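Numbering of the sequence shown is given in the working numbering, commencing with residue 9 and proceeding in unit increments.
These notes concern the structure reproduced below.
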Amino acid sequence: MLEEVAKRVMEFAQSYTREFLAMSKTVAKVYRFCWPIRVYIGWIFEDPKTAKEISKVFRVFFKVKNEWRMNGRELRAIFIDFEEWITFYSIRSHQLHPLNTIALRYLKNTNMEKASKQLARNLAEFFKEHGGEVEWGVEDG
Numbered sequence: 009m010l011e012e013v014a015k016r017v018m019e020f021a022q023s024y025t026r027e028f029l030a031m032s033k034t035v036a037k038v039y040r041f042c043w044p045i046r047v048y049i050g051w052i053f054e055d056p057k058t059a060k061e062i063s064k065v066f067r068v069f070f071k072v073k074n075e076w077r078m079n080g081r082e083l084r085a086i087f088i089d090f091e092e093w094i095t096f097y098s099i100r101s102h103q104l105h106p107l108n109t110i111a112l113r114y115l116k117n118t119n120m121e122k123a124s125k126q127l128a129r130n131l132a133e134f135f136k137e138h139g140g141e142v143e144w145g146v147e148d149g
């Protein structure tokens, strides 16, 4: 039992190091807000090899959804469930990014109309304060 725990800790340390190095090659970090209430967080890569390596690392801890096309371009994207990610992120004692806080607020809502309005207000306020880009749209699936 203790050997298994030690093995998992070493896997985590190695994967965290690889993740940190490879994440510097990301094109963008993406949040997908869905209904019924669910949030996915993703990373977009131009280099398929880096995306494949990150996907392998993430699979140790999360259910990973890989995509190949983002905004009509052939880019590799990796998505994971935000609730799984934030639990993992919080365990590592990282300070929450404002977009993570917005996603957590969205997840607390049970009314679609209220959730959508609050999300729009929160995102507009965030991007007014910090700059950046928001793409509004609907995706099937």
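Just so you know, even glycine gets a beta-carbon here, dropped at the ideal spot from N, CA and C.
Predicted model, so just to flag it, every value in this text is computed and none were measured.
{"Query": "Pull up the distance between the alpha-carbon of Leu127 and that of Arg113, whole angstroms please.", "Result": "8 Å"}
{"Query": "So what's Arg129 in DSSP terms, helix, strand or just coil?", "Result": "helix"}
{"Query": "Within this structure, are the beta carbons of Asn74 and Arg81 separated by less than 9 Å?", "Result": "no"}
{"Query": "Contact between the stretch 34-43 and the stretch 51-63: three or more CB pairs below 8 Å?", "Result": "yes"}
{"Query": "For His93 and Phe70, what's the separation of their Cα atoms in angstroms?", "Result": "Looking at the sequence shown, residue 93 is not His but Trp. Those two C-alpha atoms are separated by around 8 Å."}
{"Query": "Consult DSSP for Glu75 and reduce its assignment to one of helix, strand or coil.", "Result": "strand"}
{"Query": "Hey, Ile110 and Leu131 are a contact pair by Cβ (cut 8 Å); roughly how many whole angstroms apart?", "Result": "6 Å"}
{"Query": "Measure the alpha-carbon distance for Val72 versus Ile62 and round it to whole angstroms.", "Result": "10 Å"}
{"Query": "Just list the residues that DSSP pairs Lys37 with in beta bridges.", "Result": "Trp51"}
{"Query": "What are the start and end residues of each continuous beta strand (DSSP E) run of 3 or more residues lying completely inside the stretch 77-139, in chain order?", "Result": "81-89"}
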